[in-house]
Amino acid sequence: MATLAALTAMLVGITSSPSAQVVSIAAVVNDEIVSAYDVRLRQNIVLSSAGIKITPDALRRNKAQVLRTLINEKLQLQEAKRLNVTVSSAEIERAKRQIEVQNKLQTGTFSNFMRERGLPEIAVIAQMRSEIAWSNVLRRKVNPKIQISDEEVAEVFARFAKAEGLQERQIAEIFLPVDTPRQEAEVARTAQRLIGQMKKGAPFTAIARQFSQSNTASNGGVVGWILEGQFAPELEEALAKVKPGQVTEAVRTPEGYYILFLRSVRRVGVADPMDAKVTLKQIAVPLAKNAPRDAVQNGLETARSHATSLRNCDDVDRVAKEVKTPGSGSLGTLKISDLPEKFRNIVGQLQIGQASSPIRTDQGFHVLMVCERVDAEAYRPTEEAISQSLGEQRLGMMARRYMRDLRRTAVIDLR
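Structure follows, in structure tokens:
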């Protein structure tokens, strides 16, 4: 394992002069230091996780928010210490294993993965420790205060019963608090930078994990399914302007700035036709993407001939055995939404035993047939799911207030 000095030289660029090797202080939080070294290590994690090249400009632009995140983590660790809340080695090992599972790695390869990615393991584990400590604090101090009554659940359940056809949206969030007017401009700039990074391809989940100050950050910002109309008006207005897969602009609320990611939508009490499961068979006519025009025309005519000859799924099996082209035959059973986008609407409109018109892809022409269809059931939440959702929303609100109070009572000296 690299020594601390070696890591410092590699990641912070320390020179050999004695004065350069003095660790500078970035902030003092209730008499505890956050060093410039800590900031630089975390910047490496943040930029690497988001797929952003580590350059002097990128380091400069992300420094303020990374420092802000580290200050919050220091406050969380201090609160855990005050409450005698500890983080066990077993909890750290479970967190490592979770990263291994998420990245489809073998057990025990966490350290190798960190080295291969160029990530400072010491800083990654420090971040794990603060996340686990804060989660344990919330479990002890906040969770016991969350009481969801039967009346609250019944009220939401009744609202869903009357909401047939309304949208329910799967949402993820990034929350950046503004505690004092002095922070307004800096936090607003940070929000715009994060949006800019995501527009350039940085994953929302990675940005949320590193920058969001909500209790959902460790889960990539995932909030869950929320019925339209349940958010504050300013957030509802922002969500109305985006489509699934898109990110809202930064939205100012009384607590700070929110950036929301609309993951997907569904309608209450209405089955999504794209969730239907179909058993598919096909006849494939292989053709190169850049095939000459006459070859494309011949391929199209062959595919049309197959399509007109198919009357049922047994015919597909018979023709597949005759032509013996790669991909011809059964495609198995799968959701329509899991099909390539070019196939979805066509398959969704096919009757059982009806052959599609030839579909052109980079691989050639495809004639599809639905042999069996199982329509999706309309979604209606259970009382248990409603209770859990209400509890998670309340936990998020109380956790944000808890952190706000810790920040307001802390003595923080920025250097």
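Numbering (this note's numbering), first residue to last: 15 to 429.
Even glycine gets a Cβ: it sits at the ideal position worked out from N, Cα and C.
Keep in mind it's a predicted model, so treat the numbers as computed, not measured.
In this chain, the alpha helix (DSSP H) harbouring Gly410 covers 397–423. Within the stretch 244–286, the complete beta strand (DSSP E) segments of 3 residues or longer fall at 270–281, listed in chain order. Look at Ile366 here: in three-state DSSP terms it is strand.
Assignment of Val330 by DSSP, reduced to helix, strand and coil, places it in the helix class. Per DSSP, Pro217 is not a residue of any alpha helix (DSSP H), being assigned neither H nor E.
Look at the beta carbons and you see the stretch 251–266 touching the stretch 275–282: at least three pairs across the two are nearer than 8 Å. Nearest in C-alpha terms to Ala168, of all of Arg418, Ala50, Arg266, Pro395, is Pro395.
Your pair Ala390 and Ala285 checks out as a contact, with CB atoms roughly 5 Å apart and the cut at 8 Å. Taking a contact as a CB-CB distance under 8 Å, the pair Leu301 and Leu345 does not count as one, their CB atoms being some 18 Å apart. For the stretch 74–137, the continuous alpha helix (DSSP H) assignments of 4+ residues that do not extend past its boundaries occur at 103–116, 124–131, in sequence order. Using a Cβ-Cβ distance cut-off of 8 Å, the stretch 298–316 and the stretch 202–212 are not in contact, since fewer than three pairs of beta carbons, one from each stretch, lie closer than that value. Ranking Met411, Glu135, Glu114, Ala64 by CA distance to the CA of Arg207 puts Ala64 first.
Beyond the five residues adjoining it in sequence on each side, Ala334 comes within less than 7 Å, by CB distance, of Ile297, Ser342, Gly343 in the same chain, given in chain order. Going by beta carbons, Ser228 and Gly410 fall inside the 8 Å limit. Between the stretch 379–387 and the stretch 188–199 there are fewer than three inter-stretch CB-CB distances shorter than 8 Å, so the stretches are not counted as touching.
In this structure, Glu46 sits away from Leu420, with a CB-CB distance that is not shorter than 8 Å. Residues Phe124 of the same chain have their beta carbon placed closer than 7 Å to that of Ile113, with the five preceding and five following residues left out of the count. By the Cβ neighbour-count rule, Ser232 is buried, with 16 or more other Cβ atoms within 10 Å of its own. Relative to the Cα of Gly179, the nearest Cα in the group Val282, Ala321, Arg429 belongs to Val282.
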